[in-house]
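*Asks:* Take this structure, written in structure tokens, and hold onto it; I'll ask about it next.
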Amino acid sequence: MTQTQIFHDSPADRAHRVKWFSGRLAVYTLLILWAIICLFPIYWTLTTSFKMAPDVMKGNMVPWVDFTPKWLGWKSLGLSPDTWGAESTVRAEFLKRFANSAIIAVTSSVLAVALGSLAAYGLSRFSYKFAWMRNSDISFFFLSQLILPPVVLALPMLVLYKELALLDTRIGLILLYTLSVLPIVIWIMRDQFSSIPTELEEAALVDGLSIWGAFVTIILPIALPGMVAAFILSLVLTWNEYFFAALLTSTHSNTLPVMVASQTGSQGISWWSMAALAWAAIFPLIIIGVVLERYIIKGMAAGAVK
Amino acid sequence: MSSSGDLLHVVTNDSISASRKTFGRVMIWGSGALMLLVAAAQLLHMTGSAEFGFENWRPTLYTYITWAICLCWGQVLLHGEHGKRTLFVLPAALFVISLTVFPLLFGLIIAFSDWNLSSPDGRSFNGLENVRQMWADPFYWNAMLNMVWYVLAILVEYAIAFALALALNAEIRARKFFRVAFLLPLMLSPVAVSWMIGKSMLEPRFGPIASLGRALGWDDPSFFGSPWIAKATIMVMDAWTFIPFMMIMILAGLQAIPKELHEAAKVDGANGWRAFWEVTFPMMLPVSITAILIRIIFKLKLADIVIAVTSGGPGGATDTVTSFIFREYRDRSNVGYGTLLAMVYLVVIVIAMTLLMKFAERISRPRT
Numbered sequence: 002m003t004q005t006q007i008f009h010d011s012p013a014d015r016a017h018r019v020k021w022f023s024g025r026l027a028v029y030t031l032l033i034l035w036a037i038i039c040l041f042p043i044y045w046t047l048t049t050s051f052k053m054a055p056d057v058m059k060g061n062m063v064p065w066v067d068f069t070p071k072w073l074g075w076k077s078l079g080l081s082p083d084t085w086g087a088e089s090t091v092r093a094e095f096l097k098r099f100a101n102s103a104i105i106a107v108t109s110s111v112l113a114v115a116l117g118s119l120a121a122y123g124l125s126r127f128s129y130k131f132a133w134m135r136n137s138d139i140s141f142f143f144l145s146q147l148i149l150p151p152v153v154l155a156l157p158m159l160v161l162y163k164e165l166a167l168l169d170t171r172i173g174l175i176l177l178y179t180l181s182v183l184p185i186v187i188w189i190m191r192d193q194f195s196s197i198p199t200e201l202e203e204a205a206l207v208d209g210l211s212i213w214g215a216f217v218t219i220i221l222p223i224a225l226p227g228m229v230a231a232f233i234l235s236l237v238l239t240w241n242e243y244f245f246a247a248l249l250t251s252t253h254s255n256t257l258p259v260m261v262a263s264q265t266g267s268q269g270i271s272w273w274s275m276a277a278l279a280w281a282a283i284f285p286l287i288i289i290g291v292v293l294e295r296y297i298i299k300g301m302a303a304g305a306v307k
Numbered sequence: 003m004s005s006s007g008d009l010l011h012v013v014t015n016d017s018i019s020a021s022r023k024t025f026g027r028v029m030i031w032g033s034g035a036l037m038l039l040v041a042a043a044q045l046l047h048m049t050g051s052a053e054f055g056f057e058n059w060r061p062t063l064y065t066y067i068t069w070a071i072c073l074c075w076g077q078v079l080l081h082g083e084h085g086k087r088t089l090f091v092l093p094a095a096l097f098v099i100s101l102t103v104f105p106l107l108f109g110l111i112i113a114f115s116d117w118n119l120s121s122p123d124g125r126s127f128n129g130l131e132n133v134r135q136m137w138a139d140p141f142y143w144n145a146m147l148n149m150v151w152y153v154l155a156i157l158v159e160y161a162i163a164f165a166l167a168l169a170l171n172a173e174i175r176a177r178k179f180f181r182v183a184f185l186l187p188l189m190l191s192p193v194a195v196s197w198m199i200g201k202s203m204l205e206p207r208f209g210p211i212a213s214l215g216r217a218l219g220w221d222d223p224s225f226f227g228s229p230w231i232a233k234a235t236i237m238v239m240d241a242w243t244f245i246p247f248m249m250i251m252i253l254a255g256l257q258a259i260p261k262e263l264h265e266a267a268k269v270d271g272a273n274g275w276r277a278f279w280e281v282t283f284p285m286m287l288p289v290s291i292t293a294i295l296i297r298i299i300f301k302l303k304l305a306d307i308v309i310a311v312t313s314g315g316p317g318g319a320t321d322t323v324t325s326f327i328f329r330e331y332r333d334r335s336n337v338g339y340g341t342l343l344a345m346v347y348l349v350v351i352v353i354a355m356t357l358l359m360k361f362a363e364r365i366s367r368p369r370t
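Same order as they appear, the protein sequences are chains A and B. For the first sequence, the working numbering gives the first residue as 2, with consecutive numbering after it. For the second sequence, the working numbering gives the first residue as 3, with consecutive numbering after it.
Printed below as a string of structure tokens:
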């Protein structure tokens, strides 16, 4: 190994390498910086939920180095190890909200995916004529619902729900949430169905299946990834919805975001319990995001590229 | 997507008996008549000219649902196979119509009335009084103007999202980790985000960002003190949640560009900056426009962050139209005025979006 090096990189090559290196550096700096921006608030909330008042005031950040983690925040929610067995009204309240959120989000997403997939399939395969509306008009009618801001529906709905005794019920919220995610589901599913060749159904029909039979047994399994993507996206949107929930519910069917928001108004905020609550509210979504990231990206990318 | 003619050609030979057709018609019209009957009875009950003992409008709702089911079933009875095709779209169409068109029509009535839900007198028609009040309401126009600023902030978001998408599209390690990390803000509920960032991290005394600001030489970091800083803070928080959304759409577009194009550009001597402006950016124009348009639609609904963090303050500087109407209702429970404001907002949005889409179509059309 003592031989002298015979082949040298020419100066031009070395300059190239420096450039390549600085390019790498810039890309990674950007990526890491943004990853910190994205993750730090989540980290901050998690650590704050384990802090005591002086730790919060001093702005300590690293557990076990700056401060000793305490279960204070989780205790006030009734979710810490030592309060787990005991009765806790706060925990009951929290679990009720959590259940409300889960039921409403799942039901409305299922409804939206069912209605939306059917409509998207029909629109991608058959030509309709309702009065003056043809396929493209019907598609536009569905997708244009996306533009409708919730505030326009909110007050008429409030009055209608009052008359229909649907205020502060889960069904009322489920209906509105289904409506609000339906255009997105149709958008994704239309893309999905139009990428499936019609020859598949033609073969199935020749073999004696009915249209619905072919749809259920042949097409649905193929379109399943798209449906999962639409479902997850709907789930995220409905879980996070605040505006309608704040207007249309009061005591029985409050969702988690309403609970989180109602705590911030009180004076003398107890940072640790707020942090615990906020973290409990976002935790399911973090799990979904990490595990099902592929589907979410697929869903959002649908329709972007034609 | 082609819009004329069935993509799936089905030849059916339906023989529908006359009695089945009659049954179908009777069912649709019968349930429709029942609905109208119940609705009329309820209306009479409401106006007080007859006593039926209704507590709420539920009976009408139930007959409406029955009618909708009968209508769907009737399609199959009347038209056989063709009816079964209609069945794909009809439920969704009925659902959307009953939940948007009907409330919108109802909203039009409310918009021109004076109706305070907390006062006992109920609704009274007051013509254009609400319009006059709106015209003289500086806070509403202020909120509209804020929306323009908020929408303009999308351009910055777009630039950042594009840069991140380019970085993610480069040859990097741990791509999966970065993708998940970048996606997370979109998943979190805006209300929790507004607590995490708006209340906790931006807390002027001990919040980490305030500490950072102090370390960088900002003596008195207050993020919601002056109007413009407050507005910018809201913009940043909203951007934080929604940049992943644009980023993913742009990333999907970037991955769809054929590699050969970059290679050809390289052979032709375009490198780095030039290749970006002359190849990548023009190729990405349609995707970018879709992403920006959808982002604008979402931005126009912005409310939860504002409601939860500043509730419009200081002095309405951060108000969005939605949060303004929300407070208008919360504080004064004035349904009539709030609805009118929302309706005007809808009209403005529809006009603006139509113009924008026309404009977008013009730029994205390939030049000859």
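Idealized CB from N, CA, C, for every residue including glycine.
Please state whether DSSP places F127 (chain B) in a helix, a strand or coil.
*Replies:* In the second sequence, the residue the question calls residue 127 (chain B) occupies position 125. The answer is strand: DSSP assigns F127 (chain B) an E or B state.
*Asks:* In chain order, what residues of the same chain have a beta carbon less than 7 Å from the beta carbon of L73 (chain A), not counting five sequence neighbours either side?
*Replies:* Within the first sequence, numbered from 1, the residue matching residue 73 (chain A) stands at position 72. Non-local beta-carbon contacts of L73 (chain A) in its own chain, meaning distances under 7 Å to residues more than five positions away in sequence, involve M53, W273 in chain order.
*Asks:* Given this structure, state the Cα-to-Cα distance separating L183 (chain A) from A303 (chain A), to the nearest angstrom.
*Replies:* In the first sequence, counting from the first residue as 1, residue 183 (chain A) sits at position 182. In the first sequence, counting from the first residue as 1, residue 303 (chain A) sits at position 302. If I take the Cα positions, the gap works out to 15 Å.
*Asks:* With 16 as the cutoff for other CB atoms within 10 Å, does V269 (chain B) come out buried or exposed?
*Replies:* Within the second sequence, numbered from 1, the residue matching residue 269 (chain B) stands at position 267. Answer is exposed; the Cβ neighbour count stays below 16.
*Asks:* Along chain B, in chain order, which residues have C-beta atoms closer than 8 Å to that of E164 (chain A)?
*Replies:* Taking the first residue of the first sequence as position 1, residue 164 (chain A) is located at position 163. Ordered by position in chain B, the residues that pass the 8 Å Cβ test against E164 (chain A) are N58, W59.
*Asks:* Output, in chain order, the set of chain A residues within a Cβ distance shorter than 9 Å of R297 (chain B).
*Replies:* For the purposes of this step, residue 297 (chain B) is taken as residue 295 along the second sequence, with counting starting at 1. Within chain A, no residue comes near R297 (chain B); the closest Cβ sits about 12 Å away, beyond 9 Å.
*Asks:* With three or more beta-carbon pairs closer than 8 Å as the criterion, would you say the region 55-74 of chain A touches the region 198-218 of chain B?
*Replies:* In short, these stretches touch, since the Cβ pair count reaches three.
*Asks:* Between the Cα of S121 (chain B) and those of B:A362, B:I351, B:K360, B:V337, spot the shortest distance and give me the residue it belongs to.
*Replies:* Indexing the second sequence from 1 puts residue 121 (chain B) at position 119. Per the Cα distances, B:V337.
*Asks:* Just mark E88 (chain A) as buried or exposed, buried being the case when its beta carbon has 16 or more other beta carbons within 10 Å.
*Replies:* For the purposes of this step, residue 88 (chain A) is taken as the residue at position 87 of the first sequence. Counting the other CB atoms within 10 Å of its CB gives E88 (chain A) a total below 16, which places it among the exposed residues.
*Asks:* According to a CB-to-CB cut-off of less than 8 Å, which residues of the region 19-52 of chain B neighbour chain A?
*Replies:* none
*Asks:* Going along chain B in order, which residues have a C-beta closer than 8 Å to the C-beta of W45 (chain A)?
*Replies:* By 1-based counting over the first sequence, the position of residue 45 (chain A) is 44. Per Cβ cutoff of 8 Å: M198, S202, M203, P210.
*Asks:* Determine, using beta carbons only, whether G340 (chain B) comes closer than 9 Å to chain A.
*Replies:* Position 338 of the second sequence holds residue 340 (chain B). For G340 (chain B), the answer is yes, since a Cβ of chain A falls inside 9 Å of its Cβ.
*Asks:* Could you work out which residue in A:F68, A:S271, A:A16, A:S110 is closest to M228 (chain A) when comparing CA atoms only?
*Replies:* If you number the first sequence from 1, residue 228 (chain A) lands on position 227. The shortest C-alpha separation from M228 (chain A) is found at A:S110.
*Asks:* Classify D83 (chain A) as helix, strand or coil using the three-state DSSP reduction.
*Replies:* Counted from its first residue, the first sequence places residue 83 (chain A) at position 82. Note: D83 (chain A) maps to helix in three-state DSSP.
*Asks:* Please list, in chain order, the chain B residues whose beta carbon lies closer than 7 Å to that of A294 (chain A).
*Replies:* Numbered from 1 along the first sequence, position 293 holds the residue referred to as residue 294 (chain A). Position check: residue 294 (chain A) holds Glu in this sequence, whereas Ala was assumed. R181, V182, L185, listed in chain order.
*Asks:* Strictly below 8 Å CB to CB, what residues from chain A border T324 (chain B)?
*Replies:* For the purposes of this step, residue 324 (chain B) is identified with residue 322 of the second sequence, where counting begins at 1. Under the 8 Å cutoff, chain A gives P150, P151, V152, F244.
*Asks:* What's the gap between the Cα of Y29 (chain A) and the Cα of L185 (chain B)?
*Replies:* By one-based count along the first sequence, residue 29 (chain A) stands at place 28. By one-based count along the second sequence, residue 185 (chain B) stands at place 183. Using only the alpha carbons, I get a separation of about 17 Å.
*Asks:* Going along the chain, which unbroken runs of the alpha helix (DSSP H) with 4 or more residues stay wholly within the region 141-188 of chain A?
*Replies:* 151-165
*Asks:* Please tell me whether A121 (chain A) and R191 (chain A) are closer than 9 Å, where the distance is taken between their beta carbons.
*Replies:* In the first sequence, the residue the question calls residue 121 (chain A) occupies position 120. In the first sequence, the residue the question calls residue 191 (chain A) occupies position 190. Cβ distance < 9 Å, so A121 (chain A) and R191 (chain A) count as in contact.
*Asks:* Between A94 (chain B) and chain A, is the shortest Cβ-Cβ distance under 9 Å, so that the two count as touching?
*Replies:* For the purposes of this step, residue 94 (chain B) is taken as residue 92 along the second sequence, with counting starting at 1. For A94 (chain B), the answer is yes, since a Cβ of chain A falls inside 9 Å of its Cβ.
*Asks:* Taking just the CA atoms, how far does R177 (chain B) sit from A258 (chain B)?
*Replies:* Mapped onto the second sequence, residue 258 (chain B) falls at position 256. Mapped onto the second sequence, residue 177 (chain B) falls at position 175. Distance between the alpha carbons of A258 (chain B) and R177 (chain B): 18 Å.
*Asks:* Rounded to whole angstroms, what's the CA-CA distance from A36 (chain A) to W242 (chain B)? Just pull it up for me.
*Replies:* Taking the first residue of the first sequence as position 1, residue 36 (chain A) is located at position 35. Taking the first residue of the second sequence as position 1, residue 242 (chain B) is located at position 240. Using only the alpha carbons, I get a separation of about 12 Å.
*Asks:* List in chain order: all unbroken beta strand (DSSP E) runs of 3+ residues lying wholly within the region 303-363 of chain B.
*Replies:* none
*Asks:* Need the endpoints of the alpha helix (DSSP H) that N241 (chain A) sits in, please.
*Replies:* To locate residue 241 (chain A), count along the first sequence from 1; it is residue 240. First-last of the alpha helix (DSSP H) with N241 (chain A): 221-241.
*Asks:* Considering only residues of the same chain and omitting the five flanking positions on each side of L112 (chain A), which have a CB-CB separation below 6 Å?
*Replies:* For the purposes of this step, residue 112 (chain A) is identified with residue 111 of the first sequence, where counting begins at 1. The residues are T179.
*Asks:* Among the residues of its own chain, which have a CB less than 8 Å from the CB of L80 (chain A), if the five just before and after it don't count?
*Replies:* Numbered from 1 along the first sequence, position 79 holds the residue referred to as residue 80 (chain A). Around L80 (chain A): R92, F95, A277, A281.
*Asks:* How close, in whole Å, do the beta carbons of T320 (chain B) and A305 (chain B) come, if the pair is a contact with beta carbons under 8 Å?
*Replies:* Reading the second sequence from its first residue, position 318 is the one you call residue 320 (chain B). Reading the second sequence from its first residue, position 303 is the one you call residue 305 (chain B). Wrong, their Cβ atoms sit about 11 Å apart, outside the cutoff.
*Asks:* Could you compute how far the alpha carbon of V150 (chain B) sits from the alpha carbon of I43 (chain A)?
*Replies:* The residue labelled residue 150 (chain B) in the question sits at position 148 within the second sequence. The residue labelled residue 43 (chain A) in the question sits at position 42 within the first sequence. Cα to Cα, V150 (chain B) sits roughly 30 Å from I43 (chain A).
*Asks:* Less than 9 Å between the C-beta atoms of K97 (chain A) and L119 (chain B), yes or no?
*Replies:* Locating residue 97 (chain A) in the first sequence gives position 96, counting from the first residue. Locating residue 119 (chain B) in the second sequence gives position 117, counting from the first residue. No, the pair does not count as a contact, with Cβ atoms beyond the cut-off.
*Asks:* Could you pull out every residue in the same chain whose Cβ sits closer than 7 Å to the Cβ of F253 (chain B), ignoring the five residues on either side in sequence?
*Replies:* Within the second sequence, numbered from 1, the residue matching residue 253 (chain B) stands at position 251. Rather than Phe, the amino acid found at residue 253 (chain B) in this sequence is Leu. Here the set comprises A167, L170, N171.
*Asks:* Between S144 (chain A) and W75 (chain A), which are expected to be in contact by the criterion C-beta below 8 Å, what is the C-beta distance as a whole number of angstroms?
*Replies:* One-based indexing of the first sequence puts residue 144 (chain A) at position 143. One-based indexing of the first sequence puts residue 75 (chain A) at position 74. The sequence given here places Leu at residue 144 (chain A); Ser does not occur at that position. That belief does not hold up - the Cβ atoms of L144 (chain A) and W75 (chain A) are roughly 44 Å apart, past 8 Å.
*Asks:* Please state whether DSSP places S5 (chain B) in a helix, a strand or coil.
*Replies:* Counting from one through the second sequence, the residue named residue 5 (chain B) turns up at place 3. Because the pLDDT of S5 (chain B) is 41, which lies under 50, any placement of that residue in the model is unreliable, and the number read from its coordinates should be weighed accordingly. Correct three-state label for S5 (chain B): coil.
*Asks:* Go through its chain and collect everything with a Cβ distance to S102 (chain A)'s Cβ below 7 Å, but skip five positions before and after it.
*Replies:* Position 101 of the first sequence, counting from 1, holds the residue named residue 102 (chain A). These residues qualify, in order along the chain: W240, T256, L257.
*Asks:* Identify the contact partners of P82 (chain A) in chain B, using a Cβ-Cβ distance below 9 Å as the criterion.
*Replies:* The count along the first sequence starts at 1 and reaches residue 82 (chain A) at position 81. In chain order: nothing, as chain B lies at least about 24 Å away.
*Asks:* Please list the partners that F247 (chain B) has in chain A, where partner means a Cβ-to-Cβ separation under 7 Å.
*Replies:* As a first step, residue 247 (chain B) is located in the second sequence; it is residue number 245 there, counting from the start. M301, listed in chain order.
*Asks:* Which parts of the region 18-87 of chain B are runs of the beta strand (DSSP E), unbroken and 3 residues or longer, counting only runs that do not cross its ends?
*Replies:* none
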